Amino acid sequence: MKKLLFVSLILAAPLVLRAENVKSLADFQAAAEKANEILVIPDWPKTPSEVQGEIDKAIANGNAALDLIGKQDLAKVTFQSTVEALDNMQNEAQIAIQKTVLVQQTNQDGAMRDAAEKAIKLFQDWAVGIDYREDVYKAVKAYADTKPKLEGEDALLLEHTLRDYRRAGLALPPEKRAEVEKLRKELAQLETDFQANIVAVKAPVTFTKAELDGVSDSVLQSPGVKTGDDSYTILANVTFQYNTVEETAKNEATRRHLYDVRFNLARDKNVPVLNDILAHRNQIALKLGYKSWDDFQTEIKMAKSGAAAKTFIHDLIAGIQPKFDAEVAELRKLKVEETKDPNASISIWDWRYYQTQLKKEKYTIDPEALRVYFPFQRVLQGMFDVYQNIFGLKFTKIIPPDKWVDDLQLYMVTDAASGQPLGMFYLDMFPREGKFNHFAEFGIIPGKKLPDGKYQRPTVALLCNFPPPRKDQPSLLSHQDVETLFHEFGHALHAIVTKAKYVRFSGTNVPADFVEAPSQMLQNWVWNKKVLDTFAADYRDPSKKIPAETIAKLKEAKLATVGVFYRRQFTFADIDLTLHDVHPAGQPYDCVAMSNPLFPKDFLPIDSDTAFVAYFGHLVGYDAGYYGYAWADAIAADMATVFENAPNGFLDKAAGMRLRNEIYAPGGSRDIDISIRKFLGRERSIQPYLKTLGINTPAKAKGGPSKESDTGAAKPPTKP
C-alpha cells in the first residue's frame, strides 16, 4: 500500500557490512553537486515541544509565502509568482507534515506520538484553510485569465490548481464556501482520530498450547508470545500473528475467537468516529454539487465517476462467481471431512485455514514450511540485486544520523551507470507497540526542482511488520511476505527515481486508482523460478533451492484459490463504495449496519456482532478508492506482459529501464494513459487480468480499465 498523505550476489548468511564499507551522506555530496542536486537526511525532533515547534514553523513559513502570493499586483502576476510559488510552499509544508506523520507512526515514546497527533491536527486545519485564501485565489485566477500559452507539466500544474479551487468550493457564494471549509477542517480532525485509534489499539488474546494446535513456532516462539507454562498470548492487532493463527490453528473455536477480537478492534472509539466521517464527507459532496462522495473522489481518478467504479467491481463480483462458488465448495468438503459434520459450512474465520489445508493436501504446499527459504536479510539483498539489475540502480547502506529504532536502516539509491544520486529510503521492518501495524511506503521528502534550479532528491520510508528474528533463527518470511516486500519497495522506487519538476506530480503522485499498479506488477517476480533462484534458499543449507515442482504447485494453488482471494478484495471495495454512495442529506449513518450485510452477500458469513469497518484503515486515504486495487491490478497484469514477452523475462533490463523511464520517472507529470501506452507500446487490455481471475468473457468485466474496442470491455469515461 502506498500511504496517501497531504496533498545479484547470493548471500549464504545475513549481509555483514564492514565499518570501512559503510558510507555516509557526505560520500555522495560531490556527485549530487555535479548533477545540480541536493540530498538531505531529515533532522528528526527529539522532544514533544520540538514536534510542535516544527509544525508551528512550517505554518508560519507557509503563511508568509501565501502572503507574498496574495499581496502582489494582479496586473503583474506570473506563473512563477502564483502557481509555481504555491508548489514551492507546499513542498516545504509537505516535508514538515510527513516527518510529523512518521513520528506519530513510528516513535517509541508515547508522548512523542501524542504530540505528533496534535501537531498533525493543527497542520491539517491550516492546510484546509489554504484553499480559502481569497487573496491567493485571486492572484492565481488573475494569472489564469491572461490565457497563458503553457505546455507540458506547467500547463498541467495550472489545470490541476484551478481544479483544486473548484473542488474546494471557490465558485460557491461566500457563506456556502465557509460551510465547506468548516466541514473539511472537522473531517481532517476526525480522520486523524480514526487512524490514531487504529495505531493505538492493542488486543492480547491468551490461549493454551492445545488451543493453538497446528500453529507454527514462527508465532509461538516470537518475542512476548509465551507468557506462562501453558499460556500463549497472541496479539490480534499484529497482522502476521493473526494471519498465521487463522491459517494453521486446527481448533475452530480458536480461529473464531481471534477473528471476533480482530473484527472488533477499535470498535468503541471508531464506529462513532466513522459515522461522523461519512456524514461530513456526504455533506461536503452535496454542498459542492456532487451526488455522493464517491463521485467527488473518483472525478480526478481514472474511473471518473462512482458509477464507473461500482460497475467495474460489481461486474467482477458477478464474473468470478462460478469460480468462487467452486472454491468454497471444495473448502467445505475439507471441513466436512475434518469435522465429520455433513452440514458444515465455511465461515469467514475458516477460509484461511482450509486454503492452507488444500495447499498441503492437494498441492503438497505447506506455506509455513516454505519459510525456511526466505530468511529476511537474504530476501532483502536478493530483491535489491534484482531491482538494481533491471532498473540500472545501485543501493548503498549509509549511516543514519538519527534512529527512531535501533534496527533502522538507511540506503542511498544511485544511477548505476552515472553514479548520480537519486534518493534515499529508510527500512523499519519489524512490529513493536505503538508502531503503524500494516505495510506501507511513506513519503518524507518529495522530488522537486527548486527555485534555484537544483533538484531535491526524494527520501521515503518503508514501514513493515514482518516476523521478527528469534534467538535461534533469523526472521523467516512467508511467500506472501516476500510478495509484500517486493510490492512495497516498488512504491519506494516509484518515488525515488522521479524526474517530475513539481511536488504535485512527483513520484507516486498519480491517479489513486493507478498508484498501486506498478507495485502490484512487481509481485509477479516472486512467482518466477529464475528470479527466486537468485535469493531463495534454505537458510540452514543455502545449496538447497526451492524445487521447480514446488513453484509449479504454488502457481497451481494460487490459481485454485484466486476466486476466494479476489472476492474478499472486491467485498472490501463494495463496502467502501457502499459507504460513500448516494445518501440522503441529514440522515445519520450506521456504518456497521451498512457494511456487515455485504460480507455474506459478496464473500462469506460473518458474526453479525462485529465491526470490521472500525479497523479498516483504508477508509482514510483510500476512501471511495479501494476499488483502485482491482482497477490497478487489471493494468498491472497487462503491464507484466511486457516482461513476460521480453528476452530475459522478469530479469530483462531493457524492459526494466522502460518501466523506470516511462512509468516511474514521469510520475503524474503527464496523462497517465500516455505513460501506460508508451510502456506497453499499445493500448491497454483487460484480457491478462481476466485470465488471472479465471474469467474468459470480457463482457463480464466491462467496467474495467481497458482501452479495447473489440472485446466488449468498456473504455473509461473521457475527462470532463
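Converting from the sequence shown to the numbering used here requires adding 143 to each position, the first position being numbered 1.
Ideal Cβ positions, reconstructed from N, Cα and C, are used throughout, including at glycine.
All of these numbers come straight from a predicted model, not from anything done at the bench.
In its own chain, which residues sit with a C-beta less than 6 Å from the C-beta of residue i, not counting the 5 before and 5 after it?
| i | result |
| --- | --- |
| K578 | T249 |
| F406 | T753 and F755 |
| Y286 | V220 and T225 |
| D545 | W187 |
| I420 | L333 |
Could you tell me which residues DSSP puts in a beta bridge with residue i?
| i | result |
| --- | --- |
| D558 | L536 |
| M567 | M555 and T602 |
| F350 | Y375 |
| L619 | P518 |
| I420 | In DSSP, I420 forms no bridge with anything. |
| K369 | Y375 |
| A680 | K688 |
| R613 | Q616 |
| I489 | I489 pairs with nothing; no bridge assigned. |
| K592 | Y598 |
| E180 | Y598 |
| K644 | Paired residue(s): none; K644 is not in a bridge. |
| K166 | I541 |
Grab me the residues of residue i's own chain with a C-beta within less than 7 Å of its C-beta, minus the 5 sequence neighbours each way, in chain order.
| i | result |
| --- | --- |
| V725 | K434 and S435 |
| S751 | N739 |
| I489 | V471, L474, R475, K478, Y497 and L747 |
| Q364 | R613 |
| Y709 | I463 and L836 |
| Q666 | E626, F629 and H630 |
| L722 | L421, C734, M737 and S738 |
| R514 | S361, L619, L620 and S621 |
| L168 | L182, I184 and I541 |
For residue i, which residues from the same chain have a beta carbon less than 8 Å from its beta carbon, with the 5 sequence-adjacent residues on both sides left out?
| i | result |
| --- | --- |
| A254 | P191 |
| V348 | T376, I377, L378, A379, H400, L401 and V404 |
| Q599 | E180, I181, V183, N234, I588, P589, G590, K591, K592 and L593 |
| P731 | N418 and A422 |
Under 8 Å, do residue i and residue j count as touching if we go by C-beta distance?
| i | j | result |
| --- | --- | --- |
| E322 | V271 | no |
| K166 | I541 | yes |
| A864 | R410 | Nothing about residue 864 can be read from this structure; the chain reaches only from 144 to 863. |
| D273 | Q247 | Correcting the residue identity first, residue 273 is Ile in this sequence and not Asp. No, Cβ-Cβ distance for I273 and Q247 is not below 8 Å. |
| V603 | F629 | no |
| S818 | A643 | no |
| P543 | L536 | no |
| V279 | T304 | no |
| D719 | Y758 | no |
| L620 | V548 | no |
| F632 | N608 | no |
| A808 | Q663 | no |
| A789 | A797 | yes |
| I202 | F266 | yes |
| F517 | H581 | no |
| K672 | A680 | no |
| L606 | A583 | yes |
| A638 | P601 | yes |
| P611 | P366 | yes |
| V735 | V414 | yes |
Would you kindly report the start and end of the unbroken beta strand (DSSP E) that includes residue i?
| i | result |
| --- | --- |
| A583 | A583 to I588 |
Check the C-beta distance from residue i over to residue j and give it rounded, since I have them as a contact under 8 Å.
| i | j | result |
| --- | --- | --- |
| P690 | N231 | Contact doesn't hold; Cβ gap of about 56 Å is too wide. |
| E329 | H423 | 6 Å |
| A392 | G357 | 5 Å |
| L794 | V674 | 6 Å |
| Q237 | V646 | 6 Å |
| V445 | F657 | Here residue 445 is Met; the residue named in the question, Val, does not match the sequence. Going by Cβ atoms, the distance from M445 to F657 rounds to 6 Å, so yes, they are a contact pair. |
| D268 | A343 | Contact flag wrong, Cβ pair sits at about 21 Å. |
| L823 | F585 | About 30 Å separates the two Cβ atoms, so there is no contact after all. |
Measure from the C-beta of residue i to each C-beta in chain C and report whether the shortest distance is under 8 Å.
| i | result |
| --- | --- |
| R398 | Among the chains of the structure shown, chain C does not appear; only one protein chain is present. |
At which residues does the alpha helix (DSSP H) containing residue i begin and terminate?
| i | result |
| --- | --- |
| R256 | G253 to I273 |
| M737 | C734 to S738 |
| T382 | T382 to T391 |
| V707 | A691 to L722 |
| G449 | G449 to G462 |
| G205 | P191 to G213 |
| G357 | Element bounds for G357: n/a, residue is neither H nor E. |
| D186 | That residue, D186, is in no alpha helix (DSSP H); it is neither H nor E in DSSP. |
| E826 | That residue, E826, is in no alpha helix (DSSP H); it is neither H nor E in DSSP. |
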